[in-house]
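The sequence shown begins at 97 in our numbering and counts up by one.
Worksheet: one structure, shown below.
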Amino acid sequence: MKSLVRYKIVGLITICLAPVFVLAYAFAWENPCQNKAVHFQSIPHDKESTIILEAERVVSVNGDTFTYSLGKEIITITADSFASLRFIKDVKDKRCSAHETVILVPERKSPFNKNFKAKRPQ
Numbered sequence: 097m098k099s100l101v102r103y104k105i106v107g108l109i110t111i112c113l114a115p116v117f118v119l120a121y122a123f124a125w126e127n128p129c130q131n132k133a134v135h136f137q138s139i140p141h142d143k144e145s146t147i148i149l150e151a152e153r154v155v156s157v158n159g160d161t162f163t164y165s166l167g168k169e170i171i172t173i174t175a176d177s178f179a180s181l182r183f184i185k186d187v188k189d190k191r192c193s194a195h196e197t198v199i200l201v202p203e204r205k206s207p208f209n210k211n212f213k214a215k216r217p218q
């Protein structure tokens, strides 16, 4: 009797948690074009800088935000322009040659900042 109750509880928990895992997988997308061995790229963390986004550096995409590898560190970039949104679409479409020039604007003025917004260059 106890084992039957235990199986029912485990089954109920599994049914309740399954949609959570499916949603997490559906919204966080891994990049098949990602190149693990990219050359080191340096950007200032406390001021604006112009950068060419490359599809092979994108680690994962979640909505309009993506994680981007600079070689030795990983930063988070939020698309804030049509060009950066088009770049995300190209990466999701598995276009490994996609690239886009944007201005990275730090979310806070700190040398330890890891979050940026991608704006259109002037």
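Glycine included, every Cβ here is placed at the ideal spot set by N, Cα and C.
These numbers were taken from a predicted model, which means no experiment stands behind them.
- Per DSSP, the beta-bridge partners of residue 202 are 212.
- By the Cβ criterion, the stretch 164–177 is in contact with the stretch 141–156, since at least three pairs of Cβ atoms, one from each stretch, lie closer than 8 Å.
- Residue ranges of uninterrupted alpha helix (DSSP H) with 4 or more members, entirely inside the stretch 162–188 and ordered along the chain, are 178–188.
- Put simply, the backbone Cα of residue 138 is about 7 Å away from that of residue 166.
- Using a Cβ distance threshold of 9 Å, residue 208 and residue 187 do not count as a contacting pair.
- In the DSSP assignment, residue 150 forms a beta bridge with 195.
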